[in-house]
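Below is one structure, written out as structure tokens, with a few remarks after it.
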Amino acid sequence: MAAPAIKARIPAQAKKGEVIEIKAQITHDMESGQRKHPDGTPIPRRIINKFVCTWNKDVVVSSDWHTAMSANPFVTIYALATESGKITLTYHDDNGEKYEHSADIVVS
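See the structure below:
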């Protein structure tokens, strides 16, 4: 599997009190561990098992994912704009790898 890539749409600016939409997708095989190679050996499980979105290190959403998630999972999050800062999307997988994407937002 190639290194996962994160595509995200995070607004660069918002008005205080506005509800913003954050969209993100990570390229990941999300292998469930239930399939086998042609020679009969099992393909090891490797999924994104946790997703966290933070705004200035405050958790906006945190979710645990399981084998029913599709490959290349896509999320949409709605958040209330209260202060300028950094929005960070973090994905954790079964191998202990962590993938992050961050963007700054200005709230006026």
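For any residue, its number in our numbering is found by taking its place in the sequence shown, counting from 1, and adding 39. Using N, Cα and C, we set each Cβ at its ideal position, and we do this for glycine too.
Tell me, which residues are paired with residue i by DSSP?
i, result
"H131", "K89 and K137"
"W94", "D97 and I126"
"Q64", "K46 and F113"
"P81", "K75"
With a threshold of 16 other CB atoms inside 10 Å of the CB of residue i, please say whether the residue is buried or exposed.
i, result
"H105", "exposed"
"I49", "buried"
"A63", "buried"
"H76", "exposed"
"A51", "exposed"
"F113", "exposed"
"L118", "What sits at residue 118 in the sequence shown is Ala, not Leu. Result: buried."
"A42", "exposed"
Report the CB separation of residue i from residue j in whole angstroms; it is logged as a contact under 8 Å.
i, j, result
"I59", "A53", "5 Å"
"I82", "M108", "Not quite, the Cβ-Cβ distance comes to about 16 Å (not below 8 Å), so this is no contact."
Pick helix, strand or coil for residue i, following the three-state DSSP scheme.
i, result
"T115", "strand"
"S147", "coil"
"E57", "coil"
- Hey, is the segment 95-103 in contact with the segment 115-133, meaning 3+ C-beta pairs nearer than 8 Å? yes
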